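Residue numbering for the sequence shown follows the working numbering, starting at 259 and increasing by one per position. C-beta atoms are modelled at their ideal positions from N, C-alpha and C, and glycine is treated no differently. Bear in mind that the values here come from a model prediction, so they are computed numbers and not experimental data. Working notes, structure below.
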Amino acid sequence: MKLVKKQSTGGAAPASGLLGKAINRRTFLKGTGLAAGGVAVAGMLPTSMVKKAHAARPYNPQGDITEVKTVCTHCSVGCGVIAEVQDGVWVGQEPNLDSPLNLGAHCAKGASLRNHGHSTRRTKYPMRMRNGRWERITWEEAIEEIGDKLLELREESGPDTLWFAGSSKASNEGSYLQRKFAAFWGSNNVDHQARICHSTTVAGVANTWGYGAMTNSYNDMNHSKCIVMCGSNAAEAHPVSMQMILRGKEKGAKLIVMDPRFTRTAAHSDIYVRMRSGTDVPLIWGILWHIFENEWEDTEYLQQRVWGMDRVREEVAKWTPDEVERVTGVSEEALYEVAKTMAENRPGTFVWCMGGTQHTIGNNYVRAYNCLQLALGNIGKTGGGANIFRGHDNVQGATDVGPNAHILPGYFPLSEGGWQHWARVWDVDYDYLVGRFDDGEYDDGQGGTIKPMNNVGIPVSRWIDGVLEDPDNISQKDNIRAVMMWGHAPNSQSRGPEMKEAMEKLDLLVVIDPYPTVTAVLGERQNNTYLLPACTQFETRGSVTASNRSIQWRDQVIEPLFEGKPDHTIAYLLARKLGFADEMFKNISIDHGEEPNVEDVLREINSGTWTIGYTGQSPERLKAHMRNQATFDVESLQAKGGELDGEYYGLPWPCWGTAEMGHVGTPNLYDTSKAVADGGLTFRARFGTEYEGENLLAEGSYSLGSEIEDGYPEITADMIRQLGWWNELTDEEKAAAEGRDWKTDLSGGLQRVAINHGLAPFGNAKARCMVWNFPDPIPVHREPLYTPRYDLVSDYPTYEDRRAFYRLPTRWESIQAQDYSGDFPLIHTSGRLVEYEGGGEETRSNPWLAELKQDMFVEINPADANDAGVRDGQMVWLEGPEGGRIRVKALVTQRVGRGTVFTPFHFGGHFQGEDLIDRYPEGAAPYVRGDSTNTATTYGYDSVTQMQETKTTLCRVTPA
259 MKLVKKQSTG GAAPASGLLG KAINRRTFLK GTGLAAGGVA VAGMLPTSMV KKAHAARPYN
319 PQGDITEVKT VCTHCSVGCG VIAEVQDGVW VGQEPNLDSP LNLGAHCAKG ASLRNHGHST
379 RRTKYPMRMR NGRWERITWE EAIEEIGDKL LELREESGPD TLWFAGSSKA SNEGSYLQRK
439 FAAFWGSNNV DHQARICHST TVAGVANTWG YGAMTNSYND MNHSKCIVMC GSNAAEAHPV
499 SMQMILRGKE KGAKLIVMDP RFTRTAAHSD IYVRMRSGTD VPLIWGILWH IFENEWEDTE
559 YLQQRVWGMD RVREEVAKWT PDEVERVTGV SEEALYEVAK TMAENRPGTF VWCMGGTQHT
619 IGNNYVRAYN CLQLALGNIG KTGGGANIFR GHDNVQGATD VGPNAHILPG YFPLSEGGWQ
679 HWARVWDVDY DYLVGRFDDG EYDDGQGGTI KPMNNVGIPV SRWIDGVLED PDNISQKDNI
739 RAVMMWGHAP NSQSRGPEMK EAMEKLDLLV VIDPYPTVTA VLGERQNNTY LLPACTQFET
799 RGSVTASNRS IQWRDQVIEP LFEGKPDHTI AYLLARKLGF ADEMFKNISI DHGEEPNVED
859 VLREINSGTW TIGYTGQSPE RLKAHMRNQA TFDVESLQAK GGELDGEYYG LPWPCWGTAE
919 MGHVGTPNLY DTSKAVADGG LTFRARFGTE YEGENLLAEG SYSLGSEIED GYPEITADMI
979 RQLGWWNELT DEEKAAAEGR DWKTDLSGGL QRVAINHGLA PFGNAKARCM VWNFPDPIPV
1039 HREPLYTPRY DLVSDYPTYE DRRAFYRLPT RWESIQAQDY SGDFPLIHTS GRLVEYEGGG
1099 EETRSNPWLA ELKQDMFVEI NPADANDAGV RDGQMVWLEG PEGGRIRVKA LVTQRVGRGT
1159 VFTPFHFGGH FQGEDLIDRY PEGAAPYVRG DSTNTATTYG YDSVTQMQET KTTLCRVTPA
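Pasting the structure below:
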């Protein structure tokens, strides 16, 4: 497949010819009508296809229109938006043509953001359910009643009886306060959407080379010679990112797409590979087999910067072309072509999304991708890297500093040391925090016991089991009895029927969201259910982190609609009722009697998050970046001239040291061609200096300008002393740094001095291909629990069941012990649509989007449709092996291969064929409703993170 190469003058260069005038990019796009926010990506349409769009909005020639910069609240690209506000009303919007991330482009969702500013489908005021009916109450009543019930349950069952989902759609400040709220309540039973989208990525990547994040950026793909996409359908999931992918392709990059489904992204590919869902490890090892066989690996890079590739070679040697084809269905010729193309076109980037993460061995998939990129020397290179496209607009930021069950903000561990660090940042006694938690000791799953304060909480993927499991099998005092869904869509989780049962069993259920989610209607509850109207991010201000780690500032567009309140205000009101507001907000001023100051919250994040360099992005610096967007280069994201000359857009983390130090941000992780002060880095030394006598530090590889021209460990106060640099610290810095390291020195002095000498604060080590502390140190293939190839189970079995894991028992082999493939012959996989986002409640409540996709559907191959007696457009039942079933419309298509069906996961509001419209508050039901795909998905969780399995299960399809 080939695309016609187009001539381009570049994004910011002046052009002429429109009405005979010289114009810049912004004027050109406004003149052609593209700036009106059409549903197509602006940079991908010829002007002959574009007509002037006239927005239907009130026009008052006497009224002033204020333009407010904000950021789209859908996927993680971070598209800029200009909101037009007149007399406090959001009357129009333009794409932000100066944003270096989207260059004025919008997808359908971004073009329709203004609906948030006037939607009548919102939750308008606090409500409670009484005797099965919704009734309006005041905020005071809601906070009092919810608080009283929580305190009652805490007294009876301890603090762990409350579980709540924070949000990847909250701002950095809002999501940080959600995690802090859980800490001061006294429980780690808090989590968010990242658990079920990229937790296997974070674990796999962080344990390979140091940080669990996208290494490069969408923009950096302009420099790629080869772009490999595996389990990523960017054309629909991250539409605006496709302009960068296609720009790279126009410059000569080869595009390889590997996916069980021929997606809209695959339609642009030079090479398309269709494999059996659930077989990514043998697929990647099949590619590496050819690379090793032909000696295409980067031997110098491996010697200097990679440890453990010899162990990978041993595993890869088992995956001969014949065995790879037997397991994956992909021929030797196809994978040889992929391997040769990648080898001949370096640097190459590797893109993956949830198609590669949502599996019972998702961490193995991720680490296999990593090993492939390391073998080719593609990590730490401009145009290379692991470009991991995140889903929600702030899922990266919420992962970094927000509500996670297994870590504290900044990825600090739940150990005493981690808690001591944050106690210092929060200026509270460590013993005070200890006293907030249950002091019992429970099974740690390793043959010992552990206190809840130091034990990983129940993740979002498993809260159902926290309610339903026998309490004797749970490593906490009692079952979960109260749940808050604080910006989370439950239909994005698997095992829908059991979720309904769990909701009905709860003593208290609270939904905090701009819209009533599926939580509000799924369980047949009668009482003790509350809806609290949270604001959208357009009704408040704060920062948001795009997938490339750039942090952007959102200004407030409009005042809160109806009776909505921002997340941070709700956190304060609940904390005040529950008795810990004074301690929780000690260093944060409270505006208007109830709203924590957002800038103060960000400064507190800056003061504690040294691990990942969230320390240099002060509110003032971020606001300056928004003012100066036009000065940033589209490809490098570096400012060219102006007051921010040399800085990278959004100060992508790590932005080392304090804001006063003025670090420029890190555009590409692990790039040794730049000095650390200029955005360069090494691989992180987080795994020690040796393993079983083998050196883990880099050999002869170091960042530009480093005064240590070899590997070195993490920076500590003692190390700075030994190097003779101690007196470069100020007296105040010396006092703060004494006995500390680069992560816990609250002054930032250790980081400053290390960087002045060209050193990376986190050391200089080799990436490791063998993660010795994971269940599978070298990634191996294991058949899915519900596999269509039961003949392969004996060769590639799953794990043994475990008694306690994330406080709960987890089943693997007891499920795989039964062959379901005879009664359920079709692989069921799921994914995104361009029209909707996440659980879909917001976007299906948007009339402009609802018009575009009105039916929940299943894609089915013509051969399978004929076998089932199904015709295109017919209503069918899709039933899973655990009893869940959904009623959907059949879309007969070759996009899926024979034996595989696909459903989108954005639908809700129906349950097993029944429309739940009568359970919504009056006037609040989404315009489009349908069965949730996860009503029919099944049990299955990753062995490291408890990521749910939604990409490979089984089903059958029959006429409805």
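Which listed residue (the options) has its alpha carbon closest to that of residue i
i: Thr657; options: Arg437, Ile549, Lys992, Arg694; result: Arg437
i: Val1134; options: Ile1144, Glu1140, Asp1125; result: Ile1144
i: Phe1169; options: Thr1161, Val1159, Asp1189, Tyr1178; result: Asp1189
i: Ala369; options: Gly946, Trp1106, Thr1216; result: Trp1106
i: Cys484; options: Val596, Arg394, Ile395, Ile665; result: Val596
i: Asp1059; options: Ile637, Glu1180, Thr618; result: Thr618
i: Tyr1219; options: Glu972, Lys735, Asn785; result: In the structure as shown, the chain begins at 259 and stops at 1218. Residue 1219 is therefore absent and cannot be evaluated.
i: Leu560; options: Leu955, Asp1003, Pro971, Thr1210; result: Leu955
i: Thr244; options: Thr473, Met487, Phe670; result: This structure leaves residue 244 out entirely; the chain is present only between 259 and 1218.
6 Å CB neighbourhood of residue i in its chain, flanking five on each side removed
i: Met742; result: Phe422, Val768
i: Ile401; result: Leu831, Lys835
i: Asn1124; result: none
i: Ser266; result: In this predicted model, Ser266 has a pLDDT of only 34, less than 50, meaning its place in the structure is not dependable enough to derive any value.
i: Ile1175; result: Ala1183
i: Val297; result: The predicted position of Val297 is uncertain, since its pLDDT is 34 and thus under 50; a value taken from the coordinates is nonetheless stated next. The answer, listed in chain order, is Ala366, Ala369.
i: Thr777; result: Met743, Pro748, Val769
Coil, strand or helix - residue i by DSSP
i: Arg799; result: coil
i: Gly432; result: helix
i: Arg753; result: coil
i: Asn645; result: strand
i: Cys248; result: The question about residue 248 has no answer here: the residues shown for the chain are numbered 259 through 1218.
i: Thr1210; result: coil
i: Pro729; result: helix
i: Asp1200; result: coil
i: Ser274; result: At Ser274, the pLDDT of 29 sits below 50, so the modelled position is not reliable and the matter cannot be decided from this model.
i: Ala280; result: Model confidence at Ala280 stands at a pLDDT of 37, short of 50, so the residue's coordinates are unreliable and nothing is read from them.
i: Asn748; result: A small correction: the amino acid at residue 748 is Pro; Asn does not occupy that position in the sequence shown. Three-state DSSP puts Pro748 in a helix.
i: Tyr1048; result: helix
i: His548; result: helix
i: Ser306; result: Reliability of the predicted coordinates at Ser306 is poor, the pLDDT of 33 falling under 50, and no value is obtained from them.
i: Trp811; result: strand
i: His1168; result: strand
i: Phe442; result: helix
Residues near residue i by beta carbon distance below 7 Å, same chain, minus five either side
i: Asp685; result: Lys844, Asn845
i: Lys881; result: Trp811
i: Asp936; result: Val922
i: Arg571; result: Phe550
Short Cβ contact (9 Å threshold) for residue i with residue j
i: Thr940; j: Tyr949; result: no
i: Ala1012; j: Val934; result: yes
i: Leu1043; j: Trp1070; result: yes
i: Glu1093; j: Leu1110; result: yes
i: Gly643; j: Asn926; result: yes
i: Leu1212; j: Thr1056; result: no
i: Arg753; j: Asn1192; result: yes
i: Gly321; j: Val779; result: no
i: Arg532; j: Val588; result: yes
i: Val714; j: Leu672; result: yes
i: Ser377; j: Leu819; result: yes
i: Arg942; j: Ala1018; result: yes
i: Leu634; j: Met600; result: yes
Same chain, Cβ closer than 8 Å to residue i, five either side skipped, listed in chain order
i: Phe796; result: Thr328, Thr331, Ala341, Trp348, Leu371, His374, Gly375, Arg812, Gln814, Val815, Ile816
i: Phe1115; result: Val1146, Lys1147, Ala1148, Leu1149, Thr1161, Pro1162
i: Pro1139; result: Tyr1044, Tyr1078, Asp1081, Phe1082, Thr1196, Thr1211, Leu1212, Cys1213
In chain order, which continuous runs of the beta strand (DSSP E) of length 3 or greater are located wholly inside the stretch 1077-1140?
1084-1089, 1115-1118, 1133-1137
Ranges of the beta strand (DSSP E) found wholly within the stretch 328-372, counting only runs of at least 3:
338-344, 347-353
Could you pull out every unbroken alpha helix (DSSP H) segment of at least 4 residues lying fully inside the stretch 629-701, listed in chain order?
653-659, 674-684, 688-694
Give, in chain order, every unbroken run of the alpha helix (DSSP H) that is at least 4 residues long and sits entirely within the stretch 558-596.
567-574, 579-586
Taking the runs of the beta strand (DSSP E) that are 3 residues or longer, which of them lie wholly in the stretch 1003-1082?
1060-1063, 1066-1068
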